[in-house]
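Structure first, then comments.
2 protein chains.
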Amino acid sequence: MLHVVDGVRIGVAQAGIRKADRKDLTVVLIDEGSSVSGVFTQNRFCAAPVQVCREHLDKGTGIRAMVVNTGNANAGTGAEGLRRARETCVALAKLLHIEPNQVLPFSTGVIMEQLPHDRVIAGLPAAIAAAGNHASAQQWVEAAEGIMTTDTVPKAASTQVQIDGVTVSVTGISKGAGMIRPNMATMLGYVATDACVTPAVMKALSLALAEGSFNRITVDGDTSTNDSFVVIATNKASHAPINSLQSAEGQALLQAMLQVARQLAQAIVRDGEGATKFITIRVEGGRHTAECRQVAYAIAHSPLVKTAFFASDPNLGRILAAVGYAGITDLDQTGIDLYLDNVHVAIQGGRHPDYREEDGQRVMQQAEITVRVVLGRGTAADTVWTCDLSHDYVSINADYRS
Amino acid sequence: MLHVVDGVRIGVAQAGIRKADRKDLTVVLIDEGSSVSGVFTQNRFCAAPVQVCREHLDKGTGIRAMVVNTGNANAGTGAEGLRRARETCVALAKLLHIEPNQVLPFSTGVIMEQLPHDRVIAGLPAAIAAAGNHASAQQWVEAAEGIMTTDTVPKAASTQVQIDGVTVSVTGISKGAGMIRPNMATMLGYVATDACVTPAVMKALSLALAEGSFNRITVDGDTSTNDSFVVIATNKASHAPINSLQSAEGQALLQAMLQVARQLAQAIVRDGEGATKFITIRVEGGRHTAECRQVAYAIAHSPLVKTAFFASDPNLGRILAAVGYAGITDLDQTGIDLYLDNVHVAIQGGRHPDYREEDGQRVMQQAEITVRVVLGRGTAADTVWTCDLSHDYVSINADYRS
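Which chain is which? The protein sequence lines are A and B, in order.
For the first sequence, my numbering assigns the number 3 to the initial residue and increments by one for each residue that follows.
For the second sequence, my numbering assigns the number 3 to the initial residue and increments by one for each residue that follows.
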């Protein structure tokens, strides 16, 4: 069940951007007095709307609206793409009687084709009308559907938490299935709360949420040009404003929002293109979390490991090989242990004497699998979530545009 | 046509290592007075035979024999695997009346299962007998077949070059189709020449050859635990010994051997698991070759780019996205140009105004494609060779062990 977030209204419309009869345009209207922060792709080839989002958030004049289109990513579109993203903001601002730099634009879809922004702009009045005058849970469901591209299911999550005796709601949506290896954000993710958060805390909050959720997932290792993750606090709740994430209230809100963000991120992996399995990769015993995450991503990105998961084949040497080439130059292979769920597969770099192929096979056939690697060189640990590589991944990406 | 290399005899036998009726054991006998050098995988989880090869080459007592088995990689096998690799060397040394540290062992096949070294040892006399007393071209053909695993074709290359008026032969073989992203070497590659090369030059020669050939290819980005590349100079030719790669004779030999090594490396990509296309990725205009190679590998490893090639789909934004996430943090997207063969696709980071989809489509349908990216920030360039990602890649790797 999704909770309404007081101060956020959403409307979805059909703008005919790439295909007819498809809800491809979403506007999010944010009440005055809200705090908004975002983290964006580290891809140097970032899309035009990402550049505009960064500019508008830097101006800090108070974000009041977001516009999201699917069907076209407005990436690799040069100066003309930037112009079209800005014009979209101008048009929405005019309709809402706000400033253009109070609008955040988002685009997702095909790269390197110009955005048909005239169609986006023509669709805005219908989307605004759909948002109406009252926030509702149903609007979030429609928005989750409205931002889908190759996704097979809409992705939404919600929770509530008590802050100072006041019930606060947290609701979010996300989209993404391919070109997923977020680096500071996911394809598109939005999490809103009616909690009261001082603007100074917003950046740290959005970074902590991205770090604990969208920055831990990968489908195919391809970092998108459009990754965007936005956090909204409408400040409608009556508790005292949270001015530190270290306070008890800050921690309570962070954990609630992290739960929602993580659920949204994991939903992207579960819906990974062609995915049949959800894999948790936990690397322990490292000198620092960075090297643990590096090893976890090497495993998560190995096509050989991913196809072995698809085939339910306990070809576990492929995991050890990935550990070996992950880039830790002074790694000692005789210190490494490997577990598949609770099955101890490798000990001190070699096959465990008690390991039986049928035990590995049993775990590999599950829909959810945890790979645990112990590096034996420290106390740090980190976790990454990914999926397998199937025939359908190839089919989906070989046919995407046709 | 393969040229005989005087001083190198090869014998192949069936040892029943994993499957019956399969030539899975190869011995290479090298005349006394030869110079041998090797480069090996940078995977920290390197296989037992790789560790033994490094030790034996370091001792420098003169390599006189090599033994190669398929069916089992002897990797992820711990101390027991190391013992079995050593015992294989001891057995071959005894049969040839040489020292164990004059033998180099190589294994390729499944990881994390103990090598049935008793079967390897039992097969040695037949392999030695097959080598006979005379070097022949046919032995190289049989060796190329003898070291195959998931390869669909044997890989051999040969050339001749004049050094000081003396005709010198260069002949080599390689194997590999998956788990290919060599880092200092390929799965298995051997290049031999009867040229006269002083031992001091051998290390630089093998490094230069690996750098210009096997270190420029990738199939799936998985660096193998067993990558090994060995260069043999039997010193039989009557010209004055080459004591520098910078001399005219050194350059002549290097170019001839590079031609053979590159042909062997490219043959691995052409035979890449499930590969239907051979892709040359050339990155120009970088500040240094390292960043050019980094960008080339990002493109070569992107599953989205690889599936687009498989589908002959000019979804070229995927290439630009890979350029953007390759890790050059100060890359300016407005300086980037992209060509597909001679078709100018993107200019200054955006779609070229004259680019027509049908032109991109035409190139994408070819069996051999050159992607050229111009970074616009310097004069360095580098090239990497790769293949597409097809349904067959998934099939091959989902079913490999069954």
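We put the beta carbon where it would ideally sit given N, CA and C, even for glycine.
Legend entry - Proximal chain A residues relative to R46 (chain B), where beta-carbon distance stays under 7 Å: G326, I330, L333, Q335
Inset, instruction - Look up T90 (chain A) in the DSSP assignment and say whether it is helix, strand or coil. - result: helix
Inset, instruction - State yes or no: is the beta carbon of A187 (chain A) nearer than 8 Å to at least one beta carbon in chain B? - result: Bear in mind that the predicted position of A187 (chain A) carries a pLDDT of just 47, short of 50, making it unreliable; the figure below should be weighed with that in mind. It does not: the Cβ of A187 (chain A) has no partner Cβ on chain B nearer than 8 Å.
Inset, instruction - Can you grab the Cα-Cα spacing for the pair A145 (chain B) / T161 (chain B), in whole Å? - result: 17 Å
Inset, instruction - Could you tell me which chain A residues have their CB closer than 8 Å to the CB of E82 (chain B), listed as they occur along the chain? - result: G352
Legend entry - Within chain B, the residues that D361 (chain A) reaches when beta carbons sit closer than 8 Å: Within 8 Å Cβ-Cβ: nothing; D361 (chain A) doesn't reach chain B, min ~14 Å.
Inset, instruction - Return helix, strand or coil for M3 (chain A), following the three-state DSSP convention. - result: coil
Inset, instruction - Show which residues of chain A have a CB atom less than 9 Å away from the CB atom of A348 (chain B). - result: G78, G80, M114
Inset, instruction - Could you tell me whether any Cβ in chain A is nearer than 8 Å to the Cβ of H290 (chain B)? - result: no
Legend entry - S397 (chain A) - containing alpha helix (DSSP H), residue span: 393-401
Inset, instruction - Go ahead and label K1 (chain B) buried or exposed: buried means 16 or more other beta carbons lie within 10 angstroms of its beta carbon, across all protein chains shown. - result: In the structure as shown, chain B begins at 3 and stops at 404. Residue 1 (chain B) is therefore absent and cannot be evaluated.
Legend entry - Reduced DSSP secondary structure (H/G/I, E/B, other) of K25 (chain B): strand
Inset, instruction - Taking G223 (chain A) as the query, report the chain B residues whose CB atoms sit under 8 Å from its CB, ordered along the chain. - result: H303, S304, P305
Legend entry - Integer-rounded CB distance, given that D390 (chain B) should sit under 8 Å from A277 (chain B): 6 Å
Inset, instruction - Check the Cβ-Cβ distances between G319 (chain B) and every residue of chain A, and say whether any is below 8 Å. - result: yes
Inset, instruction - Sort out for me which residues DSSP pairs Y341 (chain A) with in a bridge. - result: A:H346, A:R374
Legend entry - Cutoff 8 Å: T309 (chain B) Cβ touching any chain A Cβ: yes
Inset, instruction - State buried or exposed for N344 (chain B), treating a residue as buried only when at least 16 other CB atoms are found within 10 Å of its CB. - result: exposed
Legend entry - Own chain partners of R66 (chain A) with C-beta closer than 6 Å, once the 5 adjacent residues on each side are dropped: I32, I100, Q104
Inset, instruction - Spell out a yes or no on whether the stretch 40-50 of chain A and the stretch 230-237 of chain A are touching, meaning 3 or more CB-CB pairs, one atom from each, closer than 8 Å. - result: yes
Inset, instruction - Would you check if the stretch 194-205 of chain A and the stretch 6-13 of chain A touch, i.e. whether three or more CB-CB distances between them fall below 8 Å? - result: yes
Legend entry - Straight-line Cα distance separating A242 (chain B) from T169 (chain B): 13 Å
Inset, instruction - Would you list, in chain order, the members of the stretch 271-288 of chain B that have their beta-carbon closer than 8 Å to a beta-carbon of chain A? - result: none
Inset, instruction - Spell out whether any CB of chain E is found under 8 Å from the CB atom of L190 (chain B). - result: Considering every chain present, this structure includes no chain E. Its protein chains are A and B.
Inset, instruction - Step through the CB atoms of chain B and report whether any lies within less than 8 Å of the CB of D315 (chain A). - result: yes
Legend entry - DSSP-derived helix/strand/coil call for Y192 (chain B): strand
Inset, instruction - Check each candidate in B:D315, B:D23, B:I301, B:S138 and name the one with the smallest Cα separation from I12 (chain B). - result: B:S138
Inset, instruction - For H241 (chain A), go through chain B and note every residue whose CB falls closer than 7 Å to its CB, in chain order. - result: The contacting residues do not exist; H241 (chain A) stays about 40 Å from chain B at best.
Inset, instruction - Express the C-alpha separation of E147 (chain A) and L333 (chain B) in angstroms, rounding to a whole number. - result: 35 Å
Legend entry - Under the three-state DSSP convention, the category Q164 (chain B) falls into: strand
Inset, instruction - Quickly, what does DSSP pair A67 (chain B) with across the bridge? List them, please. - result: B:L31, B:V105
Legend entry - Residues within the stretch 9-34 of chain B neighbouring chain A, beta-carbon criterion of under 8 Å: none
Legend entry - Presumed contact (8 Å Cβ cut-off) between T388 (chain A) and A302 (chain A), rounded CB distance: 4 Å
Inset, instruction - Using a Cβ cut-off of 7 Å, pull out every chain A residue sitting near T220 (chain B), in sequence order please. - result: The premise fails here: T220 (chain B) is roughly 11 Å from chain A at the closest Cβ pair, so nothing lies under 7 Å.
Legend entry - CA-to-CA distance, A95 (chain B) to S249 (chain B), given in whole angstroms: 37 Å
Inset, instruction - May I ask you to list the residues that DSSP assigns as paired with W142 (chain B)? - result: Answer is none; W142 (chain B) lacks a bridge partner.
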